[in-house]
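Data block below; observations after.
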Amino acid sequence: MATLPSRYTPSGAPMAGGMGAVQICEDSILERKVAVKFIHGSTHRRRILDELAALLKMRSKHVVQVYDVLNLAGGDLGIVQEFIDGKDLFESHALPTDQSSYLKTLWQIASGISDIHEVGVIHRDIKPNNMKTDPEGLIKIFDFGLARDEGPSASTM
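Just so you know, this note's numbering puts the end of the sequence shown at 159, numbered straight through with nothing missing.
Pasting the structure below:
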């Protein structure tokens, strides 16, 4: 794991994924928890750049927000983003039990996807594992590592 700037104090071990890791930290300047995402190796550098480009285009209450970008030793990058505590929708045992709650959940997911498409981005990995519910009950979509711009032909259809 890369050495973080002193303002970010890690809390616990990093969570490793297929291509990278996420380190939960306390941001001493903003006084809140953040998630710092790193991609392993230079071969996946394009993915973190694509993810960053996609996230910086968006301003949606249903998409995790970027707070900072870290340029680390060796040319590595880290994305400091909003930390959403709790389990993802796949792991969550708090699934909607009535029709109204179920429809509200679906509406939030559809609204988030619509916001993503509105800025010309295709997520390409929408699944319950890439969504969490924040403390206010809002569903947040994250993990834009496979995201791509729609391209000119998609907007003319």
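Note that CB positions come from ideal geometry on N, CA and C, so glycine has one too. Predicted model, so just to flag it, every value in this text is computed and none were measured.
Proximal residues to residue i (C-beta, below 8 Å), its chain only, five neighbours per side dropped
{"i": "residue 129", "result": "92"}
{"i": "residue 59", "result": "121, 122 and 123"}
{"i": "residue 106", "result": "98"}
{"i": "residue 34", "result": "28 and 85"}
Length of the line joining the Cα atoms of residue i and residue j
{"i": "residue 4", "j": "residue 23", "result": "10 Å"}
{"i": "residue 155", "j": "residue 116", "result": "With a pLDDT of 43 at residue 155, under the threshold of 50, the predicted position of this residue should be treated as unreliable, though the coordinate-derived value follows. For residue 155 and residue 116, the distance between alpha carbons rounds to 18 Å."}
{"i": "residue 101", "j": "residue 108", "result": "11 Å"}
{"i": "residue 62", "j": "residue 118", "result": "8 Å"}
{"i": "residue 51", "j": "residue 41", "result": "10 Å"}
{"i": "residue 111", "j": "residue 83", "result": "19 Å"}
{"i": "residue 135", "j": "residue 99", "result": "16 Å"}
{"i": "residue 131", "j": "residue 77", "result": "29 Å"}
{"i": "residue 140", "j": "residue 75", "result": "36 Å"}
{"i": "residue 49", "j": "residue 17", "result": "18 Å"}
{"i": "residue 95", "j": "residue 11", "result": "30 Å"}
{"i": "residue 152", "j": "residue 127", "result": "14 Å"}
{"i": "residue 137", "j": "residue 125", "result": "24 Å"}
Beta-carbon proximity check, residue i vs residue j, cutoff 8 Å
{"i": "residue 6", "j": "residue 36", "result": "no"}
{"i": "residue 81", "j": "residue 68", "result": "yes"}
{"i": "residue 65", "j": "residue 114", "result": "yes"}
{"i": "residue 149", "j": "residue 15", "result": "no"}
Secondary structure of residue i, DSSP reduced to three states
{"i": "residue 142", "result": "strand"}
{"i": "residue 84", "result": "strand"}
{"i": "residue 32", "result": "coil"}
{"i": "residue 150", "result": "strand"}
{"i": "residue 22", "result": "strand"}
{"i": "residue 99", "result": "coil"}
{"i": "residue 70", "result": "strand"}
{"i": "residue 13", "result": "coil"}
{"i": "residue 128", "result": "coil"}
{"i": "residue 136", "result": "coil"}
{"i": "residue 6", "result": "coil"}
{"i": "residue 39", "result": "strand"}
{"i": "residue 90", "result": "strand"}
7 Å CB neighbourhood of residue i in its chain, flanking five on each side removed
{"i": "residue 73", "result": "79"}
{"i": "residue 9", "result": "29, 30 and 31"}
{"i": "residue 53", "result": "81, 146, 147 and 149"}
{"i": "residue 70", "result": "82"}
{"i": "residue 13", "result": "26, 27 and 28"}
contact_flag[the region 77 to 90, the region 134 to 150] where n(CB pairs < 8 Å) is 3 or more: Cβ pair count under 8 Å is three or more, so yes.
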